[in-house]
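Numbering (the working numbering), first residue to last: 332 to 450.
Please read the structure below before turning to the comments.
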């Protein structure tokens with residue numbers, strides 16, 4: 332059902348945990364499935380220097396959060412905002428159709444964090 336890459340990021344998530352000195356925090360949830368994601372960002376000179384996450388959810392939700400934090404590190408805010416759910420899915424070598432909403436949550440959490448930073 333899941334690709335090897337999804338299972339790798341689920342079993343050994345990268346950048347897992349909160350961040351006390353975050354410059355931005357974005358939190359989203361899906362009432363239907365119960366997944367909740369929180370993305371923390373450290374930003375310097377418009378560049379994301381550190382990204383961590385806390386996710387309560389399924390295999391796909393945790394893997395999507397983890398890989399997204401890897402994808403955005405070192406990118407400008409504008410570059411990070413261009414990452415789509417399809418980019419997350421492709422980076423994980425695919426997700427089952429029923430789990431696509433998990434990748435949407437990851438990108439939505441990123442958007443919320445950047446909104447938080449800008450406000």
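Positions of the beta carbon are idealized from the N, C-alpha and C atoms, including for glycine.
Beta-bridge partners of residue 381, as assigned by DSSP: Per DSSP, 373.
Looking at the strands, I want to know which residues DSSP matches up with residue 367. When beta bridges are read from the DSSP output, residue 367 appears opposite 360, 387.
Am I right that residue 437 and residue 399 are in contact with their C-beta atoms under 8 Å? What's the rounded C-beta distance? 4 Å between Cβ atoms; contact.
Can you grab the Cα-Cα spacing for the pair residue 368 / residue 418, in whole Å? Taking the straight line joining both Cα atoms gives about 18 Å.
Which residues in the same chain as residue 359 place their Cβ atom closer than 7 Å to its Cβ, once the five residues preceding and following it in sequence are excluded? So the list reads 368, 436, 439, 440, 443, once near-sequence residues are dropped.
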